[in-house]
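Enquirer:
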Amino acid sequence: MVEARITDGRRIAELLASELDGREDGTLESTRVTNADRDVEPTADGSRAYDVEFSDERIARVFVHDDRARLEFEAGQDVAAGTADDLELRVRPKATEPPRTLVFVESGAAVKRATDVVQAVNRLL
46 MVEARITDGR
56 RIAELLASEL
66 DGREDGTLES
76 TRVTNADRDV
86 EPTADGSRAY
96 DVEFSDERIA
106 RVFVHDDRAR
116 LEFEAGQDVA
126 AGTADDLELR
136 VRPKATEPPR
146 TLVFVESGAA
156 VKRATDVVQA
166 VNRLL
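In my numbering, the protein residues as written are 46 to 170.
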C-alpha cells in the first residue's frame, strides 16, 4: 500500500499550525499562532498565512506556496539555520534588513522537524 505524501502548501501550513498551537510540551507551551489569514491562497512567491509568537514576541512568519510552506525567522536566525540544516530541512538566508532565515517545509512529514526548529529558537530566547 502506498501512503499519500502531503505536498500541498496550505495543508502543510495547517499541520504546522496545529503542532505549534496545539502542543503544550517544552517551549511550545508559550508558542502561539497569531494573525492567521484563514482565506490565504498559495502563490509562487508565498502568501503570508500566519505569525508564530513565543512569549508574545513574533519570532517567525509562515508563508504558503503551492507545494510547500516556509518559515521566515526574524529571531534566532543562526540557530534556525543550524538546526534546520541538522534536521535535513532546506534552509537559506534572506538578504533583507534586518536579515531573515528561511526554512522550507516541503511535506507533511517535515512538520515535526520544523517544529523542532521553532523549539530550538525558543530555547535561545
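Built from N, CA and C at the ideal position, the CB exists for glycine as well.
Skipping 5 residues on each side, what residues in its chain have a beta carbon closer than 7 Å to that of R168?
Expert: Here the set comprises T72.
Enquirer: Please work out which residues of its chain come closer than 8 Å, Cβ to Cβ, to A154, disregarding the five sequence neighbours upstream and downstream, and give them in chain order.
Expert: So the qualifying residues of the chain are R50 and I51.
Enquirer: Give me the Cα-Cα distance between T128 and E64, rounded to the nearest whole angstrom.
Expert: Distance between the alpha carbons of T128 and E64: 18 Å.
Enquirer: Going by CA-CA distance only, name the one from L134, K139, G121 and P143 that's closest to A159.
Expert: Nearest option by C-alpha distance: L134.
Enquirer: Taking all protein chains shown into account, do 16 or more other C-beta atoms lie within 10 angstroms of the C-beta of P87, making it buried, or fewer, making it exposed?
Expert: With 16 or more other Cβ atoms within 10 Å, it is buried.
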